Structures are given as structure tokens and as C-alpha cells.
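*Asks:* First residue of the sequence shown: 585, per the working numbering; consecutive thereafter. Here it is: the structure, laid out below.
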Amino acid sequence: MNTVKIREVADELAETGSESTESLRTENVSLEIMRFEPGDEDNMHAHGEDEIYVVESGTAELNIDGDVTPVSAGDIVHLEPGTDHRFQAFEDELVMTVVYAPATGTHQ
Numbered sequence: 585m586n587t588v589k590i591r592e593v594a595d596e597l598a599e600t601g602s603e604s605t606e607s608l609r610t611e612n613v614s615l616e617i618m619r620f621e622p623g624d625e626d627n628m629h630a631h632g633e634d635e636i637y638v639v640e641s642g643t644a645e646l647n648i649d650g651d652v653t654p655v656s657a658g659d660i661v662h663l664e665p666g667t668d669h670r671f672q673a674f675e676d677e678l679v680m681t682v683v684y685a686p687a688t689g690t691h692q
């Protein structure tokens, strides 16, 4: 069994100034904690894996090829592999758990 304390990881990211860290990895799935603050930028990008975002706290917008959707605490978003996206307009601290399946980096 593996346990991740999301708030503790988010606090560590704040202290180090990092945006994200991989907190759990198996052959089939990886889990990343992400943290953004107002003024941060997330460049448009895509992954080769399915992505599931669980918004733990905060409010922002998700831009998918120009289609903008607000996201906030309690929302869950699934993106198909190859979906160009970025998070933007961070109103406050945004903390998300991101699950990649299969594990990130296994598909390009």
C-alpha cells in the first residue's frame, strides 16, 4: 500500500517553488500533485496517456484548444491522450491530483 498526503505535498511544492512532483508510480499508473498560484503560467501541451485531474482546492480555467471551462475544488476532469490543454487564470492556489494511465512517459 502507498499513501500520499496531498496537503503535505502541496506545502512542500510551495516551499520549493516547484509546480509539480510525481508522488506515486507503478507500471500501470502514475500520480502527480500539481500546485499553481495566481500569476503562474501553464503552457499548452499534451500527454500520450489518459489524464484524470482531481481539483483539490482553488479555482482556474482549463483551456482545451481555445475552449475554456472553469474548474474548481471538487471537479474531476478526464482528458484523452493527445489532448492539447493548459490551465490558466488562477484565482487562488490551485492544487490538483493528476493520474496518468498508463504511467506518464510510457506513451509519446
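C-beta atoms are modelled at their ideal positions from N, C-alpha and C, and glycine is treated no differently. As the structure is a computational prediction, the values presented were derived from the model and not from experiment.
Can you name the residues that DSSP bridges to Asp651?
*Replies:* Here residue 651 corresponds to residue number 67 of the sequence shown, with the count starting at 1. DSSP lists Ile648 as partners of Asp651.
*Asks:* Compute every distance between the C-beta of Ala644 and the non-hydrogen atoms of the ligand HEM, then say whether any falls below 8 Å.
*Replies:* As far as ligands go, the structure on display features none, and thus does not contain the ligand HEM.
*Asks:* Excluding sequence positions up to five away, which residues of its chain have a Cβ less than 8 Å from the Cβ of Ala687?
*Replies:* Walking along the sequence shown from the start, residue 687 turns up at place 103. Cβ neighbours of Ala687 beyond the five flanking positions: Arg609, Thr610, Glu611, Asn612, Val613, Ser614, Glu633.
*Asks:* Once you ignore the five residues that flank Thr681 on each side, which residues in its own chain have a CB closer than 7 Å to its CB?
*Replies:* As a first step, residue 681 is located in the sequence shown; it is residue number 97 there, counting from the start. Counting only Cβ-Cβ distances below 7 Å, and skipping sequence neighbours, we find Ile590, Leu615, Ile617, Val638, Glu640.
*Asks:* Only counting the same chain, and skipping five residues up and downstream in sequence, which positions put a Cβ closer than 6 Å to that of Gly601?
*Replies:* Taking the sequence shown and counting its residues from 1, one reaches residue 601 at position 17. So no residue of the chain qualifies.
*Asks:* Contact check, Glu675 vs Pro622 under 8 Å by CB: the rounded distance?
*Replies:* For the purposes of this step, residue 675 is taken as the residue at position 91 of the sequence shown. For the purposes of this step, residue 622 is taken as the residue at position 38 of the sequence shown. Contact flag correct, Cβ pair sits at about 7 Å.
*Asks:* So, are the CB atoms of Val683 and Phe671 less than 9 Å apart?
*Replies:* Your numbering for residue 683 matches position 99 in the sequence shown. Your numbering for residue 671 matches position 87 in the sequence shown. Not closer than 9 Å, so no.
*Asks:* From the DSSP output, in three-state form, read off Thr587 for me.
*Replies:* By 1-based counting over the sequence shown, the position of residue 587 is 3. Coil, per DSSP.
*Asks:* In the DSSP assignment, what are the bridge partners of Val593?
*Replies:* Counting from 1 along the sequence shown, the entry for residue 593 is found at position 9. Looking at the DSSP assignment, Val593 forms no beta bridge with any residue, so it has no partner.
*Asks:* Give a yes or no on whether the C-beta atoms belonging to Ala630 and Ala673 are separated by under 9 Å.
*Replies:* Sequence index remark: in the sequence shown, residue 630 carries index 46 (1-based). Sequence index remark: in the sequence shown, residue 673 carries index 89 (1-based). Not closer than 9 Å, so no.
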